[in-house]
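See below for the structure under consideration.
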Amino acid sequence: MMDNAYQRKKQPEAVRRALLDQAARLAVEEGLAAVTVQAVSDAAGVTKGGFIHHFPSKQALIDAVFEELLDTLSDDLDRRLAADPQPYGSFTRAYVESVFELGLGATGGPWAPLSISMLTDPRLRALWAEWFEARLSRHQATDGDLRLSIVRLAADGIWLADLAKMTLPDPAQLRHQLLQATQPLSSAAES
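Going by our numbering, the sequence shown opens with residue 4, and the numbers climb by one from there.
Here is the structure:
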């Protein structure tokens, strides 16, 4: 039984968090079409008015979930960058590692439904492009090389192929080859 909203202590951050978590869960379990104002409100145990207080629309909620995923990816990339002693290609290596560790086969996480939606939803596509362009601009000095662009595009292709459930030839070898291609030419030739 839901507590009376007037007797229950107001916890706006907890309510917002519950709405975000339930939207992500519904997207994973039932697809993005299942993420409705009513379904998310019910799952989070709040009224539709409570939902609207935090998110003026379903799209605003989906944008917020997607932005959280981008923040998670940014944190993951930053952690990998901090641990990489080689400046040349460091962002591209971190990106390849993230694609293989967070993207491939991660159908149980929120990436798959939001990734698919990103391909068809202009707003999510714009959020992704804006985020990615900002990251590329930030790492232009270390990752502006055309070879590294090719590696990132190959990683994106592998990610999309996996998302489409295409059979990938030896993912470990693909990963190794892409990471090798991020090394400075003198280092790559020695390997």
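Backbone N, C-alpha and C fix where the C-beta goes; we use that ideal spot for every residue, glycine too.
In whole angstroms, what separates the C-alpha of proline 15 from that of glutamine 41? 18 Å
DSSP three-state label for phenylalanine 58, please. The DSSP-derived three-state label of phenylalanine 58 is coil.
Does DSSP put lysine 51 in a helix, in a strand, or in coil? helix
Taking buried to mean at least 16 other C-beta atoms within 10 Å of its own C-beta, is histidine 179 buried or exposed? exposed
Under 6 Å Cβ to Cβ from histidine 56, same chain only, skipping five residues before and after it: list those, please. none
Within 8 Å, strictly: CB atoms of glycine 106 and tryptophan 162: yes
Apart from the five residues just before and just after leucine 177, which ones in its own chain have a Cβ nearer than 7 Å to its Cβ? Ile161 and Leu171
Simplified DSSP assignment, three categories, for alanine 98: Looking at the sequence shown, residue 98 is not alanine but tyrosine. Of the three classes helix, strand and coil, the one that applies to tyrosine 98 here is helix, per DSSP.
Considering just the uninterrupted stretch of the alpha helix (DSSP H) at histidine 142, what are its terminal residues? Run containing histidine 142: none; DSSP gives neither H nor E here.
For proline 187 versus threonine 145, is the C-beta spacing smaller than 8 Å? no
Continuous alpha helix (DSSP H) stretch holding glycine 160: start and end: 149-166
Could you pull the start and end residues of the alpha helix (DSSP H) that valine 38 belongs to? Where valine 38 is concerned, there is no enclosing alpha helix (DSSP H), given that its DSSP letter is neither H nor E.
Among Leu23, Thr75, Ala37 and Ala36, which residue has its Cα nearest to the Cα of glycine 1? Because the chain is modelled from 4 through 194, residue 1 falls outside the range shown and cannot be assessed.
Contact check, valine 49 vs valine 68, beta carbons under 8 Å: no
Which residues bound the alpha helix (DSSP H) around alanine 175? Judged by DSSP secondary structure, alanine 175 falls within the alpha helix (DSSP H) whose first and last residues are 174-183.
Check each candidate in Ile153, Ala167 and His142 and name the one with the smallest Cα separation from leucine 182. Cα-wise, what sits closest to leucine 182 is Ile153.
Mind checking glutamine 62: buried by the 16 CB within 10 Å criterion, or exposed? exposed
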